[in-house]
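> Protein chains in written order, with the UniProt record's numbering: chain A, 1 to 283; chain B, 1 to 322.
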Amino acid sequence: MSPGRTEAAPHLEPADDSVALAKRLRLHTLRMVYRSKSSHVGSCLSVADILAVLYKDFLNLRPDEPGWVKRDRLVVSKGHAAAAVYAVLAERGFFPIDRLSRYGENGQSLSGHVTHKNNPGVEVSTGSLGHGLSIAAGFALAARRLSSGARAVAVLSDGECDEGSVWEAALFAAHHGLSNLVAVVDYNKIQSFGTVADVLALEPFADKWRAFRWAVHEIDGHDHTALRQALAAAGHAEAPTAIIAHTVKGKGVSFMEDRLLWHYRSPSRDEFEAAVAELEGAA
Amino acid sequence: MRNAFISALLQAAEADDRVWLINGDLGYSVLEPFAERFPERYLNAGVAEQNMIGVAAGLALSGFKPFVYSIANFPTQRCLEQIRVDVCYHAAPVTVVAVGGGFAYGSHGYTHHAIEDLAVMRALPGLRVAAPADPVETAACVHAFVRDPGPSYLRLGRGGEPVLHAAPLRESPGRPIRLREGDAVALIGTGSILGEVLAAAELLAQTGIAARVLSLPYLKPFDAPALLDAFAGVRLVATVEEHSLIGGLRDLVAPLLAARRDRPPLIGYGVRDGASMDVILDQVAMRRHCGIDAAGLAAGIRTALERLDAGADPFDADGDRA
């Protein structure tokens, strides 16, 4: 049975806090990607709300004690969303926010794909797709054996679900009834070289997870209340939980939204300024 | 050897409650004692090696010491990237165990021949690599990996390998173990092929050639000065492995010798790149096919020494042995 979440309840914050955090994550991400001339801004913007809700309202963590044994484990399996991951860790207090300003530079610790080396709060290095759900399943199994009450969450991309290993992990987690495991899929419908529908269609996607015997919630991945509710529902069945979070690639910057280009393109100065203005103007 | 493995692991698990055993739906009639004794630390992960390694990494990063067991190439090459990233990059204390090193599965065919595993595993940073030769070395490796946990690879034979060591091992991991003294040639082997190496030394002795025999169960890390010391005074060094000549024991020894001013010549015996795999043979015959059985080794060494006596290079420099 799922570990009780009563101890996490006091951490719940008003809804506008996670929304404000998500906005800051988007702004950090834009600056990081712009300064370092790197890619994957669209992937970071699509997952920002998911990370904000997880870190603000769900994960039981101690930023001043990153190795705390009973902590929840988050594996961001879509390691190319590194800028957003580092931003949320800095905002959550795992390391100073000014570290973000050197993202991608020589000699600092923040790489273009998530690394745990010298970055407190990162559980697992990712960047090769299809690894994270298995590791999270191992975390969930260990927590159960240790009766630590910890939960494990894996954030996956949609394109990542092309990997067979994801479905190996899906079989495994359900077989072992890992009710303390949650997979959140950032379903932004665009993968590396085209739309998911065109490259390797996943639909009926939620049905696939159901058929693998997961408890499935299909929600708007930018709706913080819906994210909170789906996460809160996790663990009440003898099954792992899959949250299919429908998102928009590049969410929050109108000219980046739903465009493959922004999987790769780094914004020009004009584009950066326009994007920041739009995000800062947003509620 | 697999029974020695499970006995040692049971012993280790009694003393250390962090030891787990995970398998990829293989190990029938071998692993049951562990499953019965420690059901909470035993897992059959199914025929899904990538997930198996990832799960083991998650367990290891939570404080456990999983041993992950399967046949030949399945727990290594099928899930190589999970070992590289999830295990090695995180320094996760997972031991990958492959049963059936070399041609142990013989006539089961090419899919079950593990003859590139040492090359691939040696290339992974931070991964310790061991290929014990007999049940005694196997137990020593298991205990060493539990005592000093870290990413590790353990290559076993199959079953029925004879005991080659008279007593439990005292050597530290990484040092060569001397099994026979001799000054004409040093034969060094890794893994269960050591039995053929000892038999070859016996054949050579019958024709008056004194062969020193060394076993190197740990290919990584290894003690380079101790290895060079072990070759002192011989006219010829021969490495013997049931593995491709690329990336295994020969390629471990060669750069050590190449950097020395006064050094004996080196011959590598193993599976030549491009050796015909169009044959269905048991392990004994497969070794003969590749020239790494006792008779083949003895004949090759004899010829090499004769050529040295005649002032020639020990073997034709036509890449034949490469």
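We treat Cβ as the ideally placed atom computed from N, Cα and C, and that holds for glycine. Being a predicted model, the structure only gives us computed values, none of them experimental.
1) Grab me the residues of G233(B)'s own chain with a C-beta within less than 6 Å of its C-beta, minus the 5 sequence neighbours each way, in chain order.
2) Taking Cβ positions only, does D282(B) come closer than 8 Å to chain A?
3) Ignoring anything shorter than 4 residues or poking outside the region 95-131 of chain B, list the alpha helix (DSSP H) runs there in chain order.
4) Along chain B, in chain order, which residues have C-beta atoms closer than 9 Å to that of L141(A)?
5) Anything in the region 124-153 of chain A with a Cβ closer than 9 Å to a Cβ of chain B? List those residues in chain order, please.
6) Does E69(B) get closer than 8 Å to chain A when you measure Cβ to Cβ?
7) Report the start-end ranges of each beta strand (DSSP E) in the region 190-263 of chain B that is 3 residues or longer and not cut off at the edges.
8) For the region 19-38 of chain B, list every residue whose C-beta sits within 7 Å of some C-beta in chain A, in sequence order.
9) Just checking: is the beta-carbon of N51(B) within a distance shorter than 8 Å of some beta-carbon in chain A?
10) Quick check: what's the CA-CA separation for S109(A) versus N119(A)?
11) Which residues of chain A have a Cβ atom closer than 9 Å to the Cβ of Y89(B), listed in chain order?
12) Kindly indicate if chain B contains any beta-carbon less than 8 Å away from that of E160(A).
13) With DSSP collapsed to three states, give me the class of Q283(B).
14) The alpha helix (DSSP H) spanning T303(B) covers which residue range?
15) Go through the region 235-267 of chain A residue by residue and report every complete run of the beta strand (DSSP E) that reaches 3 residues or more, in order.
16) Between the alpha carbons of Y55(A) and R92(A), how many angstroms are there, rounded?
17) Pick helix, strand or coil for E280(A), following the three-state DSSP scheme.
18) Excluding the 5 residues preceding and the 5 following L227(A) in the sequence, name in chain order all residues of the same chain whose CB lies nearer than 6 Å to its CB.
19) Return the CA-CA distance between S101(A) and A48(A), expressed in angstroms with no decimal places.
20) Using the beta-carbon of each residue, which ones in chain A are nearer than 7 Å to E14(B)?
21) With a threshold of 7 Å on Cβ separation, who are the neighbours of W262(A) within its own chain once the five nearest residues in sequence on each side are excluded?
22) Going by DSSP, what residue range makes up the alpha helix (DSSP H) through R228(A)?
23) Quick check: the Cα distance between P10(A) and V146(B), rounded to an integer number of angstroms?
24) For H243(B), tell me which candidate among A258(B), V271(B) and G160(B) has the shortest Cα-Cα distance.
25) How would you label V184(A), buried or exposed, when you count the other beta carbons within 10 angstroms and need 16 or more for buried?
26) Going by DSSP, what residues sit across from I188(B) in a beta bridge?
27) So, is the C-beta of V85(B) closer than 8 Å to a C-beta in chain A?
28) Using a cut-off of 8 Å between C-beta atoms, extract the partners of S172(A) located in chain B.
29) Can you name the start and end residues of the beta strand (DSSP E) that F38(B) belongs to?
30) Nearest by alpha-carbon distance to D186(A): which of S157(A), S179(A), L178(A) and D198(A) is it?
31) Is it true that the region 53-69 of chain B meets the region 84-101 of chain B, where meeting means three or more beta-carbon pairs spaced less than 8 Å apart?
32) Between A215(A) and A237(A), how many whole angstroms is the CB-CB distance? I'm expecting something under 8 Å.
33) Taking Cβ positions, are Q50(B) and S165(A) nearer each other than 8 Å?
34) Would you kindly report the start and end of the unbroken beta strand (DSSP E) that includes Y187(A)?
35) Determine the chain B residues that contact A169(A) at a beta-carbon separation under 9 Å, and present them in chain order.
36) Taking the runs of the alpha helix (DSSP H) that are 4 residues or longer, which of them lie wholly in the region 93-151 of chain A?
Once the coordinates are examined:
1) In the second sequence, residue 233(B) corresponds to position 233, counting from 1. Hits under 6 Å: D183.
2) The residue labelled residue 282(B) in the question sits at position 282 within the second sequence. False, the Cβ-Cβ gap to chain A never drops below 8 Å.
3) 117-122
4) Here residue 141(A) refers to the residue found at position 141 of the first sequence. Near L141(A) (Cβ distances below 9 Å), the residues of chain B are L43, V55, G58, L59 and S62.
5) V124, S125, T126, G127, S128, G130, H131, G132, L133, S134, I135, A136, A137, G138, F139, A140, L141, A142, A143, R145, L146, S148, A150 and A152
6) Your numbering for residue 69(B) matches position 69 in the second sequence. One point to set straight first is that residue 69(B) is Tyr, not Glu, in the sequence displayed. Not an interface residue.
7) 211-215, 218-220 and 236-244
8) none
9) The count along the second sequence starts at 1 and reaches residue 51(B) at position 51. Chain A, which has a Cβ nearer than 8 Å to the Cβ of N51(B), makes this yes.
10) Mapped onto the first sequence, residue 109(A) falls at position 109. Mapped onto the first sequence, residue 119(A) falls at position 119. Whole-angstrom Cα-Cα distance: 7 Å.
11) Counting from 1 along the second sequence, the entry for residue 89(B) is found at position 89. Those are T115, H116, K117 and S125, listed as they occur along chain A.
12) Along the first sequence, read from residue 1 onward, the residue named residue 160(A) stands at position 160. Not one chain B Cβ lies under 8 Å of E160(A).
13) The residue given as residue 283(B) occupies position 283 in the second sequence. Reduced to three states, the DSSP call for Q283(B) is helix.
14) Within the second sequence, residue 303(B) is the residue found at index 303, counting from 1. Residues A294 to D309.
15) 241-246
16) The residue you call residue 55(A) lines up with position 55 of the first sequence. The residue you call residue 92(A) lines up with position 92 of the first sequence. Their Cα atoms are separated by approximately 7 Å.
17) The residue given as residue 280(A) occupies position 280 in the first sequence. Correct three-state label for E280(A): helix.
18) To locate residue 227(A), count along the first sequence from 1; it is residue 227. The answer, listed in chain order, is V53.
19) The residue you call residue 101(A) lines up with position 101 of the first sequence. The residue you call residue 48(A) lines up with position 48 of the first sequence. In a straight line, the C-alpha of S101(A) is about 18 Å away from that of A48(A).
20) Position 14 of the second sequence holds residue 14(B). The premise fails here: E14(B) is roughly 17 Å from chain A at the closest Cβ pair, so nothing lies under 7 Å.
21) As a first step, residue 262(A) is located in the first sequence; it is residue number 262 there, counting from the start. Once the five neighbours on either side are set aside, the close Cβ partners of W262(A) are V41, G42, K249, G250 and M256.
22) On the first sequence, residue 228(A) is found 228 positions in, with the first residue counted as 1. That run of the alpha helix (DSSP H) goes H224 to A233.
23) For the purposes of this step, residue 10(A) is taken as residue 10 along the first sequence, with counting starting at 1. For the purposes of this step, residue 146(B) is taken as residue 146 along the second sequence, with counting starting at 1. Caution applies to P10(A), whose pLDDT of 38 falls short of 50 and renders its modelled position unreliable; the value that the coordinates give is listed next. Those two C-alpha atoms are separated by around 41 Å.
24) Position 243 of the second sequence, counting from 1, holds the residue named residue 243(B). Of the listed residues, the one whose Cα sits closest to H243(B) is V271(B).
25) Residue numbering aside, residue 184(A) sits at position 184 when the first sequence is read from its first letter. So V184(A) ends up on the buried side.
26) For the purposes of this step, residue 188(B) is taken as the residue at position 188 of the second sequence. Paired residue(s): L214(B) and T239(B).
27) Stepping through the second sequence from its first residue, residue 85(B) is reached at position 85. At least one chain A Cβ lies under 8 Å of V85(B).
28) Here residue 172(A) refers to the residue found at position 172 when the first sequence is read from its first residue. Per the sequence presented here, residue 172(A) reads as Phe, with Ser not at that position. Within chain B, the residues near F172(A) are A45, G46, A48, N51 and V55.
29) As a first step, residue 38(B) is located in the second sequence; it is residue number 38 there, counting from the start. First-last for F38(B): undefined, no H or E at that position.
30) Here residue 186(A) corresponds to residue number 186 of the first sequence, with the count starting at 1. For the residues S157(A), S179(A), L178(A) and D198(A), the minimum Cα distance to D186(A) belongs to S157(A).
31) yes
32) The residue labelled residue 215(A) in the question sits at position 215 within the first sequence. The residue labelled residue 237(A) in the question sits at position 237 within the first sequence. Rounded, the Cβ-Cβ distance is 5 Å, consistent with contact.
33) Residue numbering aside, residue 50(B) sits at position 50 when the second sequence is read from its first letter. Residue numbering aside, residue 165(A) sits at position 165 when the first sequence is read from its first letter. Against a cut-off of 8 Å, the Cβ pair of S165(A) and Q50(B) comes out as a contact.
34) Residue numbering aside, residue 187(A) sits at position 187 when the first sequence is read from its first letter. L181 to Y187 is the extent of the beta strand (DSSP E) around Y187(A).
35) As a working mapping, residue 169(A) is identified with position 169 in the first sequence. Per Cβ cutoff of 9 Å: A48, Q50, N51, G54 and V55.
36) 132-146
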